Amino acid sequence: MPNTDGFKLLEYIGLEMHLPVTMMSADDSTSVVMKGVTHGACDYLIKPVRLEALCNIWQHVVRRRNDFESLTSADDVDQQQKAVEDADYTSSANEGYT
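Residues 1 to 98, numbered by UniProt numbering, are exactly what the sequence shown covers, in order.
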């Protein structure tokens, strides 16, 4: 990639396009993997890619997509968060009673 690297491209995609990205590299050092994640990668595959790892990543992508689709609007997110908070409050309020 002329004039850029994968991390800069990852930042651009995350900031401008809001797309999930899986990085792939032969570099398996912890610092590079963490740099990819901190720059917005959802997942990181190490080359050569094993079929099992690719299947796991694909399942993760599908699960995230389904979760996102189930939250169709910001109001749904707010309502779901409030329901969780209410359930937590009710649960903690009832801890002393058996």
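For glycine and all other residues, C-beta sits at the position ideal for the given N, C-alpha and C.
Quick caveat, the model's predicted, so the values are computed rather than measured.
Just so you know, the alpha carbons of residue 58 and residue 17 end up roughly 20 Å apart. DSSP, read as helix, strand or coil, puts residue 43 in strand. Under the DSSP assignment, residue 31 falls in the alpha helix (DSSP H) whose first and last residues are 30 to 38. With contacts defined as CB atoms closer than 7 Å, residue 44 and residue 62 fail to qualify as a contacting pair. For residue 24, the enclosing beta strand (DSSP E) starts and ends at 22 to 25.
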